[in-house]
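Undergrad: Before I ask anything, here is the structure I am working with.
There are 2 protein chains.
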Amino acid sequence: MGMDTAVSSTGARARTRRAILDAGTAVLAQNPTASLADVAAAAGVGRTTVHRYFAERSDLVDAIGVDVLEKIGAATDRARPDDGPALTALERVCQEYFELGESLAIIFDESMAATWNWASWEEDTEADLALARLVDRGREEGTLDGRLDTDWIVQVLWSLLYVAWQRNRGGDTKHNALSLCLYTLRKSVGVPT
Amino acid sequence: MGMDTAVSSTGARARTRRAILDAGTAVLAQNPTASLADVAAAAGVGRTTVHRYFAERSDLVDAIGVDVLEKIGAATDRARPDDGPALTALERVCQEYFELGESLAIIFDESMAATWNWASWEEDTEADLALARLVDRGREEGTLDGRLDTDWIVQVLWSLLYVAWQRNRGGDTKHNALSLCLYTLRKSVGVPT
DNA sequence: CGAGAATGGAACAGCGATGTTCTACTGCCG
DNA sequence: CGGCAGTAGAACATCGCTGTTCCATTCTCG
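Structure follows, in structure tokens:
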């Protein structure tokens, strides 16, 4: 007993956990009030199995939150926010975030954030800090518009990502949506010519 | 019997209806899953009174949707989308929409839109058409960026409004938030210099 | 094959929201 | 005053989701 703190013996537990986590992300991204039965069905497991991995609904929601945060962290690292011109680095960040797909929609959902009690949310993530650092650098470098404050630029980045993702959902090409997103991002937060 | 199709005799009914509608907009904008008891409390009426005006929850939600759509229509008219340079007109639209306040948040909520069955949503509103017309005109005039298609520009407008409204909620001045919004809007959808 | 892990499904109790009904209370107008 | 519109509140039945327990089945690995 008590062996289930980390990875389990067979690895089957790990796979099931991932399936529930991914299904939960996808389902709750589209409808934050979806029932656990819906999540279970999407994950291809029984409803009791979900409760076996996440005792309460909030446990699942929290786990999804942690999972998404990890994905964002990894994506931020991949984008190497401290390399090269700030605007270029910001575009790399944008591209990496765009690839997160459904996980994006979770972040924008306020009714989800409302049920997030957990500590890791209030305080800034390492990724948040890295992003803020990047934008600050760009404003000092002169490659980002100094008339826009850091928070605003970050929020515009996220909102453009959201719109682009919506467009992708709407049937447009990922490439097309991302192109529009990057182009608009450059124009909006870049230095006015 | 059957006299309640339009405005009631005393006008007290109309006032109560408005109170519920406004409270519903405010409450559901912040938490789409709020109970009708919450709405009733916010409106300062009894829970049964809410049911007297809107038999089912969906009836209230639909009514709020219609109400918001009317507000958007009126705001669009006030902005005179067909007058003057397109970019300037678009800024006027942005200002008018910004004034809608909490009603804005309702529109962006997907879990709310998910429960919207009603016909008026799928088909474009007169305001939608006017806005599309305005953007089209701007792209032909050359005052809006022709590399961005009409839908994208409209969605960017809405998303900037959303970000600005969030900022306003976060304690910033309305004037400040709106300024950033308009400035960014000009840069993103205006012609590249 | 055989033991233990992992799962699915049925069944159940509890809870909160919904929607309905009925009874009083208040205010307004003739 | 007396009647009527509008309302609050209590009480109730119902429903869907939640979380739990139990048992049968399947899977997997030694």
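Top to bottom, those sequences are chains B and R.
At position 138 of the first sequence (counting the first as 1) the number is 138 in our numbering, and the numbers step up by one without a gap.
If you want our numbering, it's the position in the second sequence, counting the first as 1, plus 193.
All residues carry an ideal CB built from backbone N, CA and C; glycine is no exception.
Measure from the C-beta of B:Glu88 to each C-beta in chain R and report whether the shortest distance is under 7 Å.
TA: Here residue 88 of chain B turns out to be Thr, not Glu, going by the sequence shown. No, B:Thr88 does not count as interfacial toward chain R.
Undergrad: When Cβ atoms are compared, which residues of the region 220-242 of chain R fall closer than 9 Å to chain B?
TA: So the list reads Gln223, Asn224, Pro225 and Thr226, given in the order they occur along the chain.
Undergrad: If you draw a straight line from the alpha carbon of B:Val191 to that of B:Asp82, how long is it in whole angstroms?
TA: Roughly 19 Å between the two C-alpha positions.
Undergrad: Can you tell me which of the three DSSP states R:Gly383 falls into?
TA: Looking at R:Gly383 - three-state DSSP - the assignment turns out to be strand.
Undergrad: So with Cβ pairs under 7 Å, would you call R:Lys380 a contact of chain B?
TA: Yes, contact with chain B.
Undergrad: Of the residues that make up the region 131-148 of chain B, which ones have a beta carbon closer than 9 Å to any beta carbon in chain R?
TA: Listed by position along the chain: Asp145, Arg147 and Leu148.
Undergrad: Given that B:Ser111 touches chain R, what residues does it touch there, using C-beta distances under 7 Å?
TA: The contacting residues are Asn224, Pro225, Thr226 and Ser304.
Undergrad: Is it buried or exposed for R:Gly187, if we count other Cβ within 10 angstroms and need 16 for buried?
TA: Here chain R has residues from 194 to 386 only, and residue 187 of chain R is not among them.
Undergrad: Rounded to whole angstroms, how far is the Cβ of B:Leu160 from the Cβ of B:Gln95, which I believe are closer than 8 Å?
TA: That pair is no contact at about 12 Å.
Undergrad: Helix, strand or coil for B:Leu209? Go by DSSP, reduced to three states.
TA: Within the shown structure, residues of chain B are numbered from 1 to 193, placing residue 209 of chain B beyond reach of any answer.
Undergrad: Please classify B:Ala6 as buried or exposed, where buried requires at least 16 other C-beta atoms within 10 Å of its C-beta.
TA: For B:Ala6, the predicted structure reports a pLDDT of 38, less than 50, and the residue's modelled location is therefore unreliable. The matter cannot be settled from this model.
Undergrad: Which partner residues of B:Leu180 appear in the DSSP bridge assignment?
TA: B:Leu180 is not bridged to any residue.
Undergrad: Verify whether the separation of the beta carbon atoms of B:Thr25 and B:Ser103 is less than 7 Å.
TA: Going by C-beta atoms, B:Thr25 is nearer than 7 Å to B:Ser103.
Undergrad: Please state whether DSSP places R:Leu293 in a helix, a strand or coil.
TA: Correct three-state label for R:Leu293: coil.
Undergrad: At least one CB of chain R closer than 7 Å to the CB of B:Leu60: is that the case?
TA: So, not an interface residue.
Undergrad: Starting from R:Asp215, trace the alpha helix (DSSP H) both ways and give me its first and last residue.
TA: Where R:Asp215 is concerned, the enclosing alpha helix (DSSP H) stretches over Ala205 to Gln223.
Undergrad: Report yes or no: is there a C-beta of chain B within less than 7 Å of the C-beta of R:Ser372?
TA: Answer no: the Cβ-Cβ gap between R:Ser372 and chain B never drops below 7 Å.
Undergrad: Around the Cβ of B:Asp59, are there at least 16 other Cβ atoms within 10 angstroms (buried) or fewer (exposed)?
TA: B:Asp59 comes out exposed.
Undergrad: Identify the contact partners of R:Ser352 in chain B, using a Cβ-Cβ distance below 8 Å as the criterion.
TA: Those within 8 Å of R:Ser352 in chain B are Ser159, Leu160, Tyr162 and Val163.
Undergrad: When we look at the beta-carbon of R:Glu230 and count the other beta-carbons within 10 Å, is it buried (16 or more) or exposed?
TA: According to the sequence provided, residue 230 of chain R is Ala. The question's Glu does not apply to it. With fewer than 16 other Cβ atoms within 10 Å, it is exposed.
Undergrad: On the DSSP bridge assignment, give the partners of R:Leu341 in chain order.
TA: In the DSSP output, where bridge partners are listed per residue, R:Leu341 has none listed.
Undergrad: Compare the C-beta of R:Thr218 against all C-beta atoms of chain B and say whether one is closer than 7 Å.
TA: Answer no: the Cβ-Cβ gap between R:Thr218 and chain B never drops below 7 Å.
Undergrad: Determine, for B:Trp152, whether the minimum Cβ-Cβ distance to residues of chain R falls below 7 Å.
TA: Yes, because at least one Cβ of chain R sits closer than 7 Å to the Cβ of B:Trp152.
Undergrad: Indicate whether B:Gly73 and B:Ala127 have their beta-carbon atoms separated by less than 7 Å.
TA: Result yes, Cβ atoms of B:Gly73 and B:Ala127 sit closer than 7 Å.
Undergrad: Distance check for B:Leu90 and B:Ile153, CA to CA, integer angstroms please.
TA: Answer to the nearest angstrom: the Cα atoms are 10 Å apart.
Undergrad: Among B:Pro32, B:Leu28, B:Tyr53 and B:Asn31, which has the Cα closest to the Cα of B:Arg18?
TA: Nearest option by C-alpha distance: B:Tyr53.
Undergrad: In chain order, what are the residue ranges of uninterrupted alpha helix (DSSP H) at least 4 long that sit wholly in the region 33-96 of chain B?
TA: For the region 33-96 of chain B, whole alpha helix (DSSP H) runs of length 4 or above, ordered along the chain, are 36-43, 47-53 and 57-78.
Undergrad: Taking B:Arg13 as the reference, which of B:Val156, B:Thr49 and B:Ala34 has the closest Cα?
TA: B:Arg13 has its Cα closest to that of B:Thr49, out of B:Val156, B:Thr49 and B:Ala34.
Undergrad: So, for R:Val238: in the same chain, excluding its five sequence neighbours on each side, which residues have a beta-carbon less than 8 Å away from its beta-carbon?
TA: Only Thr209, Ala212 and Ile213 meet the Cβ criterion.
Undergrad: Report yes if the C-beta distance between R:Asp317 and R:Pro225 is below 7 Å; otherwise report no.
TA: No, the Cβ-Cβ distance between R:Asp317 and R:Pro225 is not below 7 Å.
Undergrad: Based on Cα-Cα distance, which residue from R:Gly339, R:Tyr290, R:Gly277 and R:Leu221 lies nearest to R:Glu263?
TA: If we check each option's Cα against that of R:Glu263, R:Tyr290 comes out closest.
Undergrad: Under 7 Å between the Cβ atoms of B:Ala42 and B:Ala105?
TA: No. Outside cutoff.
Undergrad: In angstroms, rounded to a whole number, what distance separates the CA positions of B:Ala34 and R:Ala227?
TA: Computed Cα separation, rounded: 15 Å.
Undergrad: How should R:Thr281 be labelled, buried or exposed, when 16 other C-beta atoms within 10 angstroms of its C-beta is the threshold for buried?
TA: Per the 10 Å Cβ criterion, exposed.
Undergrad: Mark R:Thr269 as exposed unless 16 or more other C-beta atoms lie within 10 angstroms of its C-beta, in which case mark it buried.
TA: Per the 10 Å Cβ criterion, buried.
Undergrad: Kindly give me the distance between the Cβ atoms of B:Val93 and B:Leu131, rounded to whole angstroms, as I take these residues to be in contact under 8 Å.
TA: Yes, they are in contact, since the Cβ atoms of B:Val93 and B:Leu131 sit about 7 Å apart, within 8 Å.
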